[in-house]
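From first to last, the protein sequence lines stand for chains F and H.
Residues 0 to 223 (numbering that gives the first Met the number 0) make up the first sequence, in order.
Residues 0 to 166 (numbering that gives the first Met the number 0) make up the second sequence, in order.
Yeah, the Cβ is synthetic: ideal placement off N, Cα and C, and Gly gets one too.
This report concerns only the one structure given below.
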Amino acid sequence: MELQELKEMWSEYDKKLDKSLQLNMQMLRKMNFDKAGFKLKMLFIYKIAEMTIFMYLISWFSTYAFKYFTTPRFGIPALVIDLFVLLGFVSDLRQISIIIQVQMENYNDAIAPLQKKLETLKVGIVNHVKYSYFVIPFYPLMMILGGKIFYNVDFFDPQFKNYLVTNVIIGLALIPVVILPFWQLSKKEITPGIVKNFLQCTGWRSINSAKDFLSEIEKFEQEG
Amino acid sequence: MRQQAQKDQFIYLIRQNKKLIFKVCNAYCHDPEDRKDLVQEVIIQLWRSFDKYNSKYKLSTWMYRIALNTAISHYRADRKRKSATIPIDDNLMDFADENDSKELDSKVILLYNFINQFDELNKALMILYLDNNSYKDIAEVLGITETNAATKIGRLKQQLKQQFENV
Chain F
0 MELQELKEMW
10 SEYDKKLDKS
20 LQLNMQMLRK
30 MNFDKAGFKL
40 KMLFIYKIAE
50 MTIFMYLISW
60 FSTYAFKYFT
70 TPRFGIPALV
80 IDLFVLLGFV
90 SDLRQISIII
100 QVQMENYNDA
110 IAPLQKKLET
120 LKVGIVNHVK
130 YSYFVIPFYP
140 LMMILGGKIF
150 YNVDFFDPQF
160 KNYLVTNVII
170 GLALIPVVIL
180 PFWQLSKKEI
190 TPGIVKNFLQ
200 CTGWRSINSA
210 KDFLSEIEKF
220 EQEG
Chain H
0 MRQQAQKDQF
10 IYLIRQNKKL
20 IFKVCNAYCH
30 DPEDRKDLVQ
40 EVIIQLWRSF
50 DKYNSKYKLS
60 TWMYRIALNT
70 AISHYRADRK
80 RKSATIPIDD
90 NLMDFADEND
100 SKELDSKVIL
110 LYNFINQFDE
120 LNKALMILYL
130 DNNSYKDIAE
140 VLGITETNAA
150 TKIGRLKQQL
160 KQQFENV
């Protein structure tokens, strides 16, 4: 078979479709176009809500860090937590910007750039979850602040020394626990199977597929 | 009143270009049930973009962009998307005669088998090429340069030629 034959077959197919393909007009008229929602709407609303909370937390922790500027044992934990929230906010901002671009284009954009935006968004969402694991080992900082804010307890007080040291040790021990899924999530193939099953729900598969498609698009866009 | 006129105009447009929608959906969706959803989704996305149609592009370019973007996203999306579509019991597009559909089947299966061996983007390129679009139009739909489109088509032709020799 020659390529020309394929083209002829396609044009024959086109002609037949012309004759035989019919549109269910009644159904088309019945379709409620106005109710068709934007697919990323829920994600957009969720991100806006998350950003609002993050903004409140940033201003709150910044004020708190500034207030305890001269008391570093409270100022520094507030600043570190503030930094984590700020990173989350920036990540949300990037995702929101892509959602808005896609929403404005509404599939009207050329294939390669639009698909690239959608896949970048997928990667961003999974990375957002992935990086949030990093907060876990820092939980003693939240404990220090929580104790001070809610119970007016100073965990640096000598009577809490053992308690604080134990929690810092637990926090440090959690670092490999956090690094393991982070490291596994960056891999193409996860072993052992138990870890793989555990990580399925974190979007590992979708990030890999998104990354593969992104490199496919980039290859496709390359000249020659 | 104005919206009704706009809707009528849109329905006319869909009617005129139903083949384009059908061919794209058929290339990206093999499951007939899933295809019904995809056809519906493409029409909805076309309606949503109807206001934004930029007359500097050809109408077919605009339609290909939306149909192909929707089909590729649908193809790549997870199963969650099923819940996002409105359930339909009927086919939006169908054949007038059952025999027409059967007659089409044997040749079309062969045709689509060739197209299906390509990845999502090259499949789009192939559909656009078979539909006799110019390199300029193909480049506009895909968002690549005209030279790149021509090079890629040349390469696909070579690839297909080799495969045809084995048929």
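Item to complete: Just mark W9 of chain F as buried or exposed, buried being the case when its beta carbon has 16 or more other beta carbons within 10 Å.
Response: Flag for W9 of chain F reads buried.
Worksheet entry | Secondary structure of L91 of chain H, DSSP reduced to three states | Correct three-state label for L91 of chain H: coil.
Practice prompt. Would you check if there are 3 or more beta carbon pairs closer than 8 angstroms linking the stretch 58-67 of chain H to the stretch 33-48 of chain H?
Written response: Result yes; three or more Cβ-Cβ pairs closer than 8 angstroms.
Discussion item. Within 8 angstroms of any Cβ in chain H, is that where the Cβ of M50 of chain F sits?
Written reply: Under the Cβ criterion of 8 angstroms, M50 of chain F is not counted among the residues facing chain H.
Worksheet item: Would a C-beta distance cut-off of 8 angstroms place L91 of chain H and L39 of chain F closer than the cut-off?
Response: 8 angstroms or more divides the Cβ of L91 of chain H from the Cβ of L39 of chain F.
Item to complete: Between the Cα of V84 of chain F and those of F:I75, F:R72, F:M54, spot the shortest distance and give me the residue it belongs to.
Response: Minimum Cα distance to V84 of chain F is reached at F:M54.
Item to complete: Go through the stretch 13-98 of chain F residue by residue and report every complete run of the beta strand (DSSP E) that reaches 3 residues or more, in order.
Response: Within the stretch 13-98 of chain F, the complete beta strand (DSSP E) runs of at least 3 residues are 20-22.
Worksheet item: Which class does H29 of chain H belong to by DSSP, given the choice of helix, strand or coil?
Response: In the displayed model, H29 of chain H falls within coil according to three-state DSSP, outside both helix and strand.
Worksheet item: Should F212 of chain F be flagged as near chain H, meaning a C-beta pair shorter than 8 angstroms?
Response: It does; some Cβ of chain H falls within 8 angstroms.
Worksheet item: For D77 of chain H, is the classification buried or exposed, using 16 other Cβ atoms within 10 angstroms of its Cβ as the cut-off for buried?
Response: Low local confidence applies: a pLDDT of 49 at D77 of chain H is under 50, so the model's placement there is unreliable, with the coordinate-based value given in what follows. D77 of chain H counts as exposed, since fewer than 16 other beta carbons sit within 10 angstroms of its beta carbon.
Worksheet item: If you count every other CB in all the chains shown that lies within 10 Å of the CB of D36 of chain H, and 16 or more means buried, which is it?
Response: D36 of chain H counts as buried, since no fewer than 16 other beta carbons sit within 10 angstroms of its beta carbon.
Item to complete: Excluding the 5 residues preceding and the 5 following N166 of chain F in the sequence, name in chain order all residues of the same chain whose CB lies nearer than 7 angstroms to its CB.
Response: The residues are P139, M142.
Worksheet item: What three-state label does DSSP hand I174 of chain F in the structure shown?
Response: It is helical.
Worksheet entry | Reduced DSSP category for S133 of chain H - H, G, I as helix; E, B as strand; rest coil | Of the three classes helix, strand and coil, the one that applies to S133 of chain H here is coil, per DSSP.
Fill in: Outcome for V128 of chain F when other beta-carbon atoms lying within 10 angstroms are tallied against a minimum of 16
Looking at its Cβ environment, which holds fewer than 16 other Cβ atoms inside 10 Å, V128 of chain F is exposed.
Practice prompt. Compare the C-beta of K81 of chain H with all C-beta atoms of chain F and state if any pair is closer than 8 angstroms.
Written response: The predicted model places K81 of chain H with a pLDDT of 49, which falls under 50 and marks its position as unreliable; any figure quoted below should be read in that light. No, K81 of chain H does not count as interfacial toward chain F.
Practice prompt. Look at the Cβ atom of G123 of chain F, then the Cβ atom of Q94 of chain F, and state whether they are nearer than 8 angstroms.
Written response: One thing to note: G123 of chain F has its Cβ within 8 angstroms of the Cβ of Q94 of chain F.
Worksheet item: Can you tell me whether DSSP reads I224 of chain F as helix, strand or coil?
Response: Outside the displayed span of chain F (0 to 223) sits residue 224 of chain F, for which this structure offers no information.
Worksheet item: Residues in its own chain within less than 8 angstroms of R14 of chain H by CB, not counting five upstream and five downstream?
Response: Contacts found: none.
Discussion item. For K81 of chain H and G142 of chain H, what's the separation of their Cα atoms in angstroms?
Written reply: Residue confidence for K81 of chain H is low, a pLDDT of 49 falling below 50, so the modelled location carries little weight and cannot support an answer.
Item to complete: State the CB to CB distance for the pair L144 of chain F and F155 of chain F, rounded to an integer number of angstroms; the pair is presumed to be in contact (CB under 8 angstroms).
Response: At roughly 12 angstroms, the Cβ-Cβ gap does not stay under 8 angstroms, so L144 of chain F and F155 of chain F are not in contact.
Worksheet item: Going by alpha carbons, who is nearest to I43 of chain H out of H:T69, H:E32, H:K57?
Response: The residue from H:T69, H:E32, H:K57 with its alpha-carbon nearest to that of I43 of chain H is H:T69.
Discussion item. Between K46 of chain F and chain H, is the shortest Cβ-Cβ distance under 8 angstroms, so that the two count as touching?
Written reply: Taking 8 angstroms as the threshold, the shortest C-beta distance from K46 of chain F to chain H does not fall below it.
Worksheet item: With burial defined as no fewer than 16 other Cβ atoms inside 10 Å of the residue's Cβ, what is the status of P31 of chain H: buried or exposed?
Response: Under this definition P31 of chain H is an exposed residue.
Discussion item. For R1 of chain H, would you say it is in contact with chain F, using Cβ-to-Cβ distances shorter than 8 angstroms as the test?
Written reply: No, because no Cβ of chain F sits closer than 8 angstroms to the Cβ of R1 of chain H.
Worksheet item: In terms of alpha-carbon separation, which member of H:I137, H:R1, H:F21 lies closest to D13 of chain F?
Response: When each option's Cα is compared against that of D13 of chain F, the closest is H:F21.
Practice prompt. Give the residues of chain H in contact with D108 of chain F, contact being defined as C-beta atoms less than 8 angstroms apart.
Written response: Per Cβ cutoff of 8 angstroms: R64, N68, G142.
Discussion item. Against chain F, with Cβ distances strictly below 8 angstroms, would R78 of chain H count as a contact?
Written reply: With a pLDDT of 43 at R78 of chain H, under the threshold of 50, the modelled position of that residue is not reliable, and the figure given next carries that caveat. No, because no Cβ of chain F sits closer than 8 angstroms to the Cβ of R78 of chain H.
Discussion item. Are there any heavy atoms of the ligand HEM lying less than 7 angstroms away from the beta-carbon of D13 of chain F, as far as the coordinates show?
Written reply: Among the components of this structure there are no ligands whatsoever, and the ligand HEM is therefore not found.
Worksheet item: Which word fits I137 of chain H, buried or exposed, when buried means at least 16 other C-beta atoms lie within 10 angstroms of its C-beta?
Response: Result: buried.
Worksheet entry | Whether Y134 of chain H touches E145 of chain H by CB criterion (8 angstroms) | Cβ distance < 8 angstroms, so Y134 of chain H and E145 of chain H count as in contact.
Item to complete: Report buried or exposed for H73 of chain H, applying the criterion of at least 16 other Cβ atoms within 10 angstroms of its Cβ.
Response: Buried is the call here.
Discussion item. Between F21 of chain H and chain F, is any beta-carbon pair separated by less than 8 angstroms?
Written reply: Among the CB atoms of chain F, one or more fall inside 8 angstroms of the CB of F21 of chain H.
Worksheet item: DSSP on G142 of chain H, reduced to helix/strand/coil?
Response: Coil, per DSSP.
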